[in-house]
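Each residue of the sequence shown is one higher than the one before, counting from 366 in the working numbering. C-beta: ideal position from N, C-alpha, C; glycine also. All values derive from a computational prediction rather than experimental measurement.
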Amino acid sequence: GTTRNTTRAAMALGHALDRPRGFTTLCQRIGRALAEASESLLEQALTRERLTAEHEILRLANSTDSLTGVGNRARWIEVATTVGATGGGGRAIAVLSIDLDGLKTVNDRYGHAAGDVLLRELVARIATQVRPYDALGRLGGDEFLLIRSGRQEMPVGALVERITNAVQRAPVTFGDVEIP
366 GTTRNTTRAA MALGHALDRP RGFTTLCQRI GRALAEASES LLEQALTRER LTAEHEILRL
426 ANSTDSLTGV GNRARWIEVA TTVGATGGGG RAIAVLSIDL DGLKTVNDRY GHAAGDVLLR
486 ELVARIATQV RPYDALGRLG GDEFLLIRSG RQEMPVGALV ERITNAVQRA PVTFGDVEIP
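And the structure:
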């Protein structure tokens, strides 16, 4: 509405009053048609942009573990399949299996809310030790996989040690309870 009126007003201002009536009427019709076509194209572009954003949100929701925020099993399989199909693109590949032992005990002793807090905190600690483009995924429960491709800045053994130290550096607090 407002955009259309502004466009029409701008088109009308461009016409001199001394032009023949038929010429001005024709220009006004052409101006209205251009304004309507522009508005339609703008609406289509905005709709396309909104749909693209919604598609990306759905893709992320379907490939992200809702508890930890890392890739879920489906996403990890997708990444592993891609890396496997390309052979890593000639780059070095490291695959680490990470099993956070003791989750069942925490869930049984302190409840699932405590286990959820523990998982989120430990995954956050792991994330500080990996590169943003490494693929960390939760397979389920307390099992995670990490694919590291490309240049390895440190030996895999050193990375494992850093992850282990980060996970074990301090207990996780849940309410007034410290989970070792």
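- Assigned with DSSP and collapsed to three states, Val542 falls in strand.
- In this structure, the straight-line span from the alpha carbon of Phe539 to that of Ala402 is close to 59 Å.
- Contact between the region 474 to 486 and the region 427 to 434 is established, with three or more Cβ pairs separated by less than 8 Å.
- The count of Cβ pairs closer than 8 Å, one atom from the region 455 to 464 and one from the region 512 to 529, reaches three, so the stretches are in contact.
- Distance from the CA atom of Pro545 to the CA atom of Ala535, rounded to whole angstroms, is 7 Å.
- Cβ neighbours of Gly522 within its own chain (closer than 6 Å, five residues either side excluded): none.
- The C-alpha of Gln533 lies about 9 Å from the C-alpha of Arg490.
- A direct Cα-to-Cα measurement between Gly436 and Leu406 gives close to 37 Å.
- Contact between the region 405 to 420 and the region 465 to 476 is not established, with fewer than three Cβ pairs separated by less than 8 Å.
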